[in-house]
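Our numbering puts the first residue of the sequence shown at 10, with every later residue one more than the last.
Where is the CB? At the ideal position from N, CA and C, for every residue including glycine.
A short write-up of the structure that comes next.
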Amino acid sequence: MKKQDYHFNYEVFDSIDELSEDDKWLLDEAREVTQHAYAPYSRFQVAAVAKLSNGEIISGTNQENASFPAGICAERVVLAIISSLYPKTPIESMAISYFNHNGESNHPISPCGICRQALQEFKEKMKAPVRLILGGMHGKVYIIEDASLLLPLSFTSHDMQ
Ligand code: THU
């Protein structure tokens, strides 16, 4: 038996003001786009805004449903739009923000388990990592260079070959 370690690094910024101009713009856009979420049940409005390698900006928001499991997260909305409109174009960076009507919006949130799985497959398909910029309406910002780092030992299409 031997023990394996898993480490990953991410950057922590005290506020959006410490980011590069490009990253700041993308996170600001995500903050703005949270207004387009349809989240009458959770009242937790999430936005994901991606800058693609061809320069296009694609945004998505969480879309809920009275039949709760039918709802979809902002991240997977944006991945589906990109896969449909630009099926061969990698994401350079994706900013994720949120507005919580029930409480604070002052810390970064990171993608849920299902979205991590979807991000992992997007990387596999595009052969390029998805860089994440995570931040609330204010407060700290995290930058993660490769979203697949959030899902160690993930199940992938290779396991089915
Ligand atoms: N949600 C997202 O859209 N992205 C996340 O990263 C976390 C959660 C949505 C799902 C649901 O509509 C609401 O936020 C509360 O969970």
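Of all alpha-carbon atoms in 131, 136, 17 and 82, the one lying nearest the alpha-carbon of residue 106 is that of 82.
Closest in alpha carbon position to residue 35, among 64, 137, 50 and 54, is 64. For residue 113, the secondary structure class from DSSP, reduced to helix, strand or coil, is coil. When secondary structure is reduced to three states using DSSP, residue 139 falls in the coil class, being assigned neither helix nor strand. In this model, residue 71 and residue 170 are separated by some 33 Å (Cα to Cα). Out of 115, 77 and 98, the CA that lies nearest to the CA of residue 49 is found in 77.
For residue 39, no beta strand (DSSP E) encloses it; the enclosing alpha helix (DSSP H) starts and ends at 30-42.
Sorted by position in the chain, 48, 51, 53, 55, 71, 73, 80, 82, 83, 84, 105, 118, 119, 120, 121 and 124 make up the residues whose C-beta lies under 7 Å from a heavy atom of the ligand THU. A contact between stretches requires three or more CB pairs, one per stretch, nearer than 8 Å, and the segment 82-96 fails this requirement with the segment 108-119.
Of 119, 135, 128 and 132, the smallest CA-CA separation from residue 151 is found for 119.
Separation of residue 127 and residue 165 (C-alpha to C-alpha, rounded to the nearest whole angstrom) is 10 Å. Put simply, the backbone Cα of residue 156 is about 10 Å away from that of residue 103.
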